[in-house]
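J.: The structure's right below; bear with me while I get my questions together.
Chains as they are written, first to last, in our numbering: chain A, 114 to 535; chain B, 3 to 415.
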């Protein structure tokens, strides 16, 4: 293994600091990879940013709220949503176990659920804990199919025997476990029946299973006939050969390349490591095909922001709330705010992040970040080191050479085309 | 109510393949650009197209309502509108009661309704279906949008197609060209950073990786399009006096704001030929009536205000608006007072060039395909008609050879 350790750090985490990169160069690729995917000991950095507790949902135990109670609960919910969003952006930056944190973000985009509809911070936080704590992909899928945020997001609470709502079933096939084209419309409808009966309950941590609403009859799904329910349906999908292949493809798409296809040979090697996500990633990062994907992946806005904050030595929780919220609003304008993916399909990729409108927001955000940093005098070379870039193109170097102000240099560095692609 | 943009389609794969990407050159300066447009006077007389995407799957049966069909009332008892509430278009079909402004445009013969539009072998996934609508490729997935291919084929500049959304819709992405996204606010730069520095970052570096080149081009596009829009605002202000141009009624919705910007650009003769705007939230699986009515009200106000404003200028009368969604909803309601994903739906076409009326055939409610409407008009007939009549293009070239029989809602191009 003689891969580029800088590429590994950029892809496995949110963006290394100069100190991390130089340490990794000392240790070499295999040791760096092992340290990333199986970090020893507790996450020391993250101890200053523990998963928050929110208390009960503000709308819980209010069966007949007055208008004033309703408004007050909504206000509380909004504050909780903002707290969660600031917290995770902070946690991503301070976590020492960067690849662990990045994997949670990957799963968030995979089982994409938005608080814009779910509204309950408690539901969303419970899902987040599941994404974080699941033992492996099998455990994750079984926990997600009875996850209150996911059920609410995909109208599972309306899904009942005499009138199935197939929204959750469809996404389970298409986006979560199998991928499009691996099933028929009939499979979706039958799976919808298997998922009937679950009701979300604000006051509880788990949904309520209402037997009267469940369709206990036989269903034929993917050629198998049985009295499927939520868990036996998930079991069926997990044992399909398409499932590990689909997950491997999604990992390649986010960690390696959104334009080049995953080579079949590597895909089958990753499948062998299923259902352990870190083992699948290890196979990916150890493969020569991964090294060949350098400079093809456009940074997602969260990767750009969190990497920049790490390299500038900033963290969200160190900022006044108003300043932190300006950054949060900027992330919404860039189209990627944690806990609020635009659709159940998750975040876009590639050139979709490189629009002229995004260019405007990014310049503005870069200015805000740099204003919070107190730079020494800097040369263009030092900016490249700080941002862990291999160097500048002539184009960008010509621009930077003419600029003397350290903050302006950093803004241009963070906005530079070189910094936007890994 | 669930009127969120939760299912708004975003491209789930890299829009443009990893092949060679043309990058725009250096940004034009404002003066240079103004100079160009003044020499180009009179401005390009070509038609302009405004594509309105309703994300989430609009319920076509409750938009253009077969109120006289007893099966409509029988199949969705909780969701059907009584005949007397419907705004009658003829003795069989009528508009949703919330679409009063569109009814006015219908009476003025400026609204065409193409009935039963869909594509072969309907796919009920939002993503795949919206992908198909945007790429106009129902058979195999491809990575370019139908407008994007026209941009490729005409070697268009980035301002030729503009979206006022933060993320580029796939329909504007070609293989070598793509449309531009314009933010609704103006250009704001951090202290000490000026147009010159941003423009210099936007210069292409020979031999750099494709995605990096694309990143650079986004800065060039930002300046270029900002100059155009800023110029259009100045022109619009100058022409309409200090109070500014009239905006559509109820102009607070996101769609109305996007269309107000389109109106300004059109009135200032900005050389953009295709505008993409959108309204999300049509994925009404539950509590359909209330949510759908709110959305239709927004749609009605935004469209009516825009079309009526466009009718006042010569440039505006060249504008054709096409409103579509990725699929309709199931004929039957589900138990949640909503509907699940369905198939065919109506496409609305509006504007000064449009010959109002009904086109195509309303899908039968007695001849369903597994509970869904059967499409009667291939969506490529609609695209082909506007490619020919509005953009003056050869439709087959951009629709993978599909043979288009232009629908007569627009004069032949």
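In this text, a Cβ means the ideal position worked out from N, Cα and C, and glycines have one as well.
It should be emphasised that the depicted structure is a prediction, and the values quoted were computed from it without experimental measurement.
(1) Starting from the beta carbon of residue 467 of chain A, find every residue of chain B whose beta carbon is closer than 7 Å, and list them in chain order.
(2) Using a 10 Å radius around the Cβ and a threshold of 16 neighbouring Cβ atoms, would you call residue 434 of chain A buried or exposed?
(3) What are the start and end residues of each continuous beta strand (DSSP E) run of 3 or more residues lying completely inside the stretch 140-185 of chain B, in chain order?
(4) Quick one: list the residues of chain B neighbouring residue 496 of chain A, beta-carbon separation under 9 Å, in chain order.
(5) Please state the DSSP three-state secondary structure of residue 273 of chain B.
(6) Between residue 464 of chain A and chain B, is any beta-carbon pair separated by less than 8 Å?
(7) Taking all protein chains shown into account, do 16 or more other C-beta atoms lie within 10 angstroms of the C-beta of residue 246 of chain A, making it buried, or fewer, making it exposed?
(8) Which residue's Cα is closest to the Cα of residue 401 of chain B: B:134, B:104 and B:72?
(9) Determine the direct distance from the alpha carbon of residue 319 of chain A to that of residue 308 of chain A, and round the result to whole angstroms.
(10) Using a Cβ-Cβ cut-off of less than 8 Å, give me the residues of the stretch 257-274 of chain B that come near chain A, in sequence order.
(11) Thinking residue 350 of chain A and residue 244 of chain A are a contact (beta carbons under 8 Å), I'd like their distance in whole angstroms, please.
(12) Where does residue 153 of chain A land, buried or exposed, given buried means 16+ other C-beta within 10 angstroms?
(13) If you draw a straight line from the C-alpha of residue 291 of chain A to the C-alpha of residue 358 of chain A, how long is it?
(14) Considering only the alpha carbon of each residue, which of B:325, B:357 and B:306 lies closest to residue 280 of chain B?
(15) Taking C-beta to C-beta, are residue 199 of chain B and residue 469 of chain A nearer than 8 Å?
(16) Whose C-beta lies closer than 7 Å to the C-beta of residue 117 of chain A among residues of the same chain, with five residues either side of it excluded?
(17) Tell me, please, whether the CB atom of residue 151 of chain B is closer than 8 Å to any CB atom in chain A?
(18) With H, G and I counted as helix, E and B as strand and the rest as coil, what does DSSP make of residue 463 of chain A?
(19) Do the stretch 477-494 of chain A and the stretch 504-516 of chain A make contact, defined as three or more Cβ pairs closer than 8 Å?
(20) Quick one: Cα of residue 226 of chain B to Cα of residue 197 of chain B, how far?
(21) Assuming residue 275 of chain B contacts residue 163 of chain B (C-beta within less than 8 Å), just tell me the rounded distance between them.
(22) Count the other C-beta atoms from every protein chain shown that fall within 10 angstroms of the C-beta of residue 339 of chain A, then say buried if there are 16 or more, exposed otherwise.
(23) Since I believe residue 147 of chain B is in contact with residue 175 of chain B (beta carbons under 8 Å), could you give me their beta-carbon distance rounded to a whole number of angstroms?
(24) Could you tell me the alpha carbon to alpha carbon distance between residue 406 of chain B and residue 67 of chain B, rounded to whole angstroms?
(25) Determine the direct distance from the alpha carbon of residue 426 of chain A to that of residue 489 of chain A, and round the result to whole angstroms.
(26) List, in order along the chain, the chain A residues whose C-beta lies closer than 7 Å to that of residue 140 of chain B?
(27) Span of the beta strand (DSSP E) holding residue 115 of chain B?
(28) Around the C-beta of residue 400 of chain A, are 16 or more other C-beta atoms found within 10 angstroms, so that it is buried, or is it exposed?
(29) Can the beta-carbon of residue 307 of chain B be found closer than 8 Å to that of residue 297 of chain B?
(30) Starting from the beta carbon of residue 207 of chain B, find every residue of chain A whose beta carbon is closer than 7 Å, and list them in chain order.
(31) Go through the stretch 333-388 of chain B residue by residue and report every complete run of the beta strand (DSSP E) that reaches 3 residues or more, in order.
(32) Taking 8 Å as the CB-CB limit, is residue 200 of chain B close to chain A?
(33) What whole-angstrom Cβ distance do residue 361 of chain A and residue 347 of chain A have, given they're in contact under 8 Å?
(34) Using a C-beta cutoff of 8 Å, does residue 301 of chain B count as contacting chain A?
(35) Between which two residues does the beta strand (DSSP E) harbouring residue 517 of chain A extend?
(36) Following the continuous beta strand (DSSP E) through residue 215 of chain A, name the residue where it begins and the one where it ends.
T.: To lay it out plainly:
(1) 216, 217 and 220
(2) exposed
(3) 163-165
(4) Correct list: empty, because the minimum Cβ distance to chain B is about 13 Å.
(5) coil
(6) yes
(7) exposed
(8) B:134
(9) 15 Å
(10) none
(11) That pair is no contact at about 18 Å.
(12) exposed
(13) 8 Å
(14) B:325
(15) no
(16) 404 and 407
(17) no
(18) helix
(19) yes
(20) 10 Å
(21) 7 Å
(22) exposed
(23) 5 Å
(24) 27 Å
(25) 13 Å
(26) Ordered by position in chain A, no residue passes the 7 Å Cβ test against residue 140 of chain B, which lies about 14 Å from the chain.
(27) 113-120
(28) buried
(29) no
(30) 506, 507 and 508
(31) 347-353 and 359-362
(32) yes
(33) Contact doesn't hold; Cβ gap of about 19 Å is too wide.
(34) no
(35) From DSSP, residue 517 of chain A is part of no beta strand (DSSP E); its letter is neither H nor E.
(36) Residue 215 of chain A -> not in any beta strand (DSSP E); alpha helix (DSSP H) instead, spanning 211-223.
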